[in-house]
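Numbering (the numbering used here), first residue to last: 864 to 1207. The next block holds one structure in the form of structure tokens; read it before the comments.
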Ligand code: DAH
């Protein structure tokens, strides 16, 4: 092979090397230790001395051309490799971000928020209270006689020290009146406990919203108007309410109330929501007794007022189509996760 064709061949191979590995192979083939050009230099010793210098210069010219081309191609390929690496690692700040799983409000809290918003519009204070109660506030002061079935061991979680887990939010009526003078309007939100077998509509722990209004000349009409206003707030201007006589020791007269409710699927029925009534004089008397024992004035005897209590679980089950009350507290992400991300 002539010098020229050896050089042409090498330069072509260099130009065609797609990456640094291929280029290294070309380098080894031509100018490596036993490369074609290197071998050619090894033949110089066999030439007569007077020819060696000229021949040496010729081969070195070929080698120089090849090495220059190698260096140039190597720089090019290195830059290309770097560019490719940078491109692959580049951050495109215009890409959409990764979704962050957001929390959400529990369905019971949503219903509570709806309810308390309605009562706040009507000027009510919103309060909470202790879940561990004493017998006096939970039963006695609410005119629940010792022989009432609700005081049975079977309905109440008793603590070893004689206290209990409140079975309703009504004891907060007593606590609030002991500490505040009439006139007053207040709703209580919080957990209550019943010692009973659980099923699709019963849980050992659930929630209540309790209302209490005390003043002068408060009547059953005010109570009915208030419940109707709540129903309209929950279910729109055409909502209807129904009252049926019922017995609760702390009210007289007492009633149960229901709301005519039409769901988005077009079904409608009476939704039994809770109990209510006009505050029993014995409750006012028990409050004044407690106030007196604390050195406060007796201010409740002779006042009038109403109270009501209802369960947000019933509203939430219908509103969100949740068929079993136990789903609320099983912490199953498949159920509760459906309420994720819609804060409000
Ligand atoms: N405390 C009752 C219960 O847990 C509900 C209730 C009924 C509350 C009548 C009231 C009321 O304030 O007036 O079943």
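Cβ coordinates follow ideal geometry from the N, Cα and C atoms, glycine included. What you are looking at is a predicted structure, and each value in this text was computed from that prediction instead of being measured.
Please return the same chain residues whose Cβ sits closer than 8 Å to the Cβ of residue i, not counting the five positions on each side in sequence.
i: residue 1186; result: 1063 and 1180
i: residue 954; result: none
i: residue 868; result: none
i: residue 1034; result: 992, 996, 1000, 1001, 1004 and 1005
i: residue 910; result: 918
i: residue 870; result: 925, 928 and 929
Since residue i and residue j should fall inside the 8 Å C-beta cutoff, what is the C-beta to C-beta distance between them, to a whole number of angstroms?
i: residue 866; j: residue 921; result: 6 Å
i: residue 1054; j: residue 994; result: 6 Å
i: residue 996; j: residue 989; result: The Cβ separation is near 20 Å, so there is no contact.
i: residue 1018; j: residue 1059; result: 7 Å
i: residue 1170; j: residue 1106; result: Not really, about 14 Å apart at Cβ, beyond 8 Å.
i: residue 1151; j: residue 1164; result: 6 Å
Give me, in chain order, the residues of the same chain whose beta-carbon lies closer than 7 Å to that of residue i; leave out the 5 immediate sequence neighbours on both sides.
i: residue 1109; result: 1117, 1118, 1119 and 1138
i: residue 1131; result: 1123, 1124 and 1125
i: residue 901; result: 894 and 895
i: residue 903; result: 922
i: residue 945; result: none
i: residue 1061; result: 1067 and 1189
Using a Cβ-Cβ cut-off of 6 Å (strictly less than) and excluding sequence neighbours within five positions of residue i, which residues of its own chain qualify?
i: residue 1168; result: 1076, 1077, 1081 and 1142
i: residue 1039; result: 1049
i: residue 1008; result: none
Report yes if the CB atom of residue i is closer than 9 Å to the CB atom of residue j, and no otherwise.
i: residue 1031; j: residue 1073; result: yes
i: residue 1149; j: residue 1005; result: yes
i: residue 872; j: residue 864; result: yes
i: residue 1001; j: residue 1027; result: yes
i: residue 1191; j: residue 967; result: no
i: residue 1045; j: residue 1197; result: no
i: residue 915; j: residue 905; result: no
i: residue 1071; j: residue 1173; result: yes
Between residue i and chain D, is any beta-carbon pair separated by less than 9 Å?
i: residue 958; result: Absence of chain D from the displayed structure is noted, only one protein chain being present.
### Query
Counting Cβ pairs closer than 8 Å, one from the stretch 884-897 and one from the stretch 928-944, do we hit at least three?
yes
### Contiguous alpha helix (DSSP H) assignments of at least 4 residues, all confined to the stretch 901-953
The stretch 901-953 contains these whole alpha helix (DSSP H) runs: 912-952.
### Query
If we count Cβ pairs, one from each stretch, closer than 8 Å, do we get three or more for the stretch 973-984 versus the stretch 1081-1096?
yes
### Task
Quick one: which unbroken beta strand (DSSP E) runs of 3-plus residues sit fully inside the stretch 1108-1143? Chain order, please.
1114-1125 and 1131-1142
### Segments of 3+ residues assigned as beta strand (DSSP E) that fall wholly inside the stretch 1018-1103
1047-1056 and 1068-1078
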